[in-house]
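Visitor: Residues in the sequence shown are numbered consecutively from 66, following this note's numbering.
Idealized CB from N, CA, C, for every residue including glycine.
Because the structure is a prediction, the values reported are computed rather than measured.
Have a look at the structure that comes next, please.
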Amino acid sequence: MTEYYRTISVAVVALLVLAGGCSPDNSDDVPNDAGEHIVWEVQGESNSVFLLGSIHLLRPQDYPLPEVYDEVYAEAEQLVMELDMDDLDVSTMQREMMTAAMIDNGSLRDLLGEEAWNTAARTAAGMDIELEMLGAVEPWFAALTVVELQMVKMGFNPALGVEFYFLERARNDDKPITGLETIGEQIAFFDEMPIDTQRRFLLKTLDDASKIGTDIDALVGAWRSGDLAAMRGELTRGFDGFPQVYNSLVAARNAGWLEDITDLLDDEDDYLVIVGALHLVGEDSLVKLLDEQGFQLNRR
């Protein structure tokens, strides 16, 4: 489970981080900004749904988490995450991942072209990454692997991410755990990117990955302090030039999850829904969509 989740989850972090450091964006596009963290309480008729914005990979020094995270967990009877990580079959997910990632005919060098390959290989070598080891996989998978390697060097670990922290707590507390989507759906977000988009995504990732250290520190700081302006700025720049990727990874998924979350708001139990922080900021955020549906949201 950890191997799969590491590879997929770095994509979200990468797309936020690789565009540059945090800077303010003063647009007032999220209701009830009064709280201190990326946590909202959505009120239903008979229950509450707590939306918690996660960073999927963290370091030991990023703990303890803000107290409000434990507070909303304690109030919730059930836990919902992007994936039902309590019910993942390791062999199946590895098979699905590698089936999608492997190039059917040719190589990564063929897909990039000789000039782009040579540039990419030199850039990767500067980070002590041998691009030839990724020669049989599609550009999207190579890009995620590059970011994974860089983040692991900096001490980040998906086993320390917010999801794993609360997954273990829910298991120990016998709280029901469910997911908003399947492994196959998550893989498809990347595998269905047009090859040209994948090429540009890989080249940009390689070009920017060497600067990820300062930027990820700024992003984690903004997330931890609940700095929505900085997070919104990162969201805007992180997808600059990649509208299809933004739509696939953020807007379309938020729209799909909206119905699931409104269904939860018809229940009696209180729910904690943990999704990547980028899903809770910006014009297409779950927070904005729920507000437009007329639900009352309060930031915690």
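By Cβ distance below 8 angstroms, which residues in the same chain neighbour GLU195 in space, the five residues on each side in sequence not counted?
Guide: Closer than 8 angstroms at the Cβ level, and outside the excluded window around GLU195, lie ALA189.
Visitor: Could you please give the first and the last residue of the uninterrupted alpha helix (DSSP H) stretch that includes PHE254?
Guide: Where PHE254 is concerned, the enclosing alpha helix (DSSP H) stretches over 248-256.
Visitor: Flag this pair as yes or no: are the beta carbons of LEU116 and VAL340 separated by less than 9 angstroms?
Guide: Yes; because the gap between Cβ atoms is below 9 angstroms, this pair is in contact.
Visitor: Any idea what DSSP makes of MET192, helix, strand or coil?
Guide: Residue state, collapsed to three classes: coil.
Visitor: Can you name the start and end residues of the beta strand (DSSP E) that MET146 belongs to?
Guide: Taken as a continuous stretch (DSSP letters only), the beta strand (DSSP E) holding MET146 covers 143-148.
Visitor: Suppose only complete runs of 4+ residues qualify. What are the alpha helix (DSSP H) ranges in the segment 150-222, listed by chain order?
Guide: List check, alpha helix (DSSP H) in window: 155-166, 173-177, 179-190, 204-218.
Visitor: Note the first and the last residue of the continuous beta strand (DSSP E) segment covering ARG318.
Guide: Per DSSP, ARG318 belongs to no beta strand (DSSP E); it is in the alpha helix (DSSP H), 317-329.
Visitor: Opposite THR242 in the DSSP bridges: which residues?
Guide: Note that residue 242 corresponds to Ile in the displayed sequence, not to Thr. According to DSSP, ILE242 bridges with LEU144.
Visitor: So which of TRP105, THR243, SER119 has the shortest CA-CA distance to TRP288?
Guide: If we check each option's Cα against that of TRP288, SER119 comes out closest.
Visitor: Use the C-beta contact count for ALA274: other C-beta atoms within 10 angstroms, 16 or more gives buried, fewer gives exposed.
Guide: It is buried - the Cβ of ALA274 has at least 16 other Cβ atoms within 10 Å.
Visitor: What does the alpha-carbon distance come out to for the pair ARG365 and PHE231?
Guide: Between ARG365 and PHE231, the C-alpha separation is close to 18 angstroms.
Visitor: Reducing DSSP to helix, strand and coil, say where GLN126 ends up.
Guide: Residue state, collapsed to three classes: helix.
Visitor: Run through DSSP, which three-state label would VAL227 get?
Guide: Looking at VAL227 - three-state DSSP - the assignment turns out to be helix.
Visitor: Just to confirm before moving on: does the CB-CB distance between LEU176 and GLN309 stay below 9 angstroms?
Guide: The answer is no: Cβ separation not under 9 angstroms.
Visitor: Cα separation between THR184 and GLY303?
Guide: C-alpha separation (whole angstroms): 22 angstroms.
Visitor: Going by DSSP, what residue range makes up the beta strand (DSSP E) through VAL346?
Guide: VAL346 -> no beta strand (DSSP E), and no H or E assigned at all.
Visitor: Three-state secondary structure (DSSP) at ASN112?
Guide: Of the three classes helix, strand and coil, the one that applies to ASN112 here is coil, per DSSP.
Visitor: Got a sec? Which residues, its chain only, sit under 6 angstroms from TYR336 by beta carbon, not counting five neighbours each side?
Guide: Answer for TYR336: VAL114, ALA141, GLN143, VAL145, LEU329, listed in chain order.
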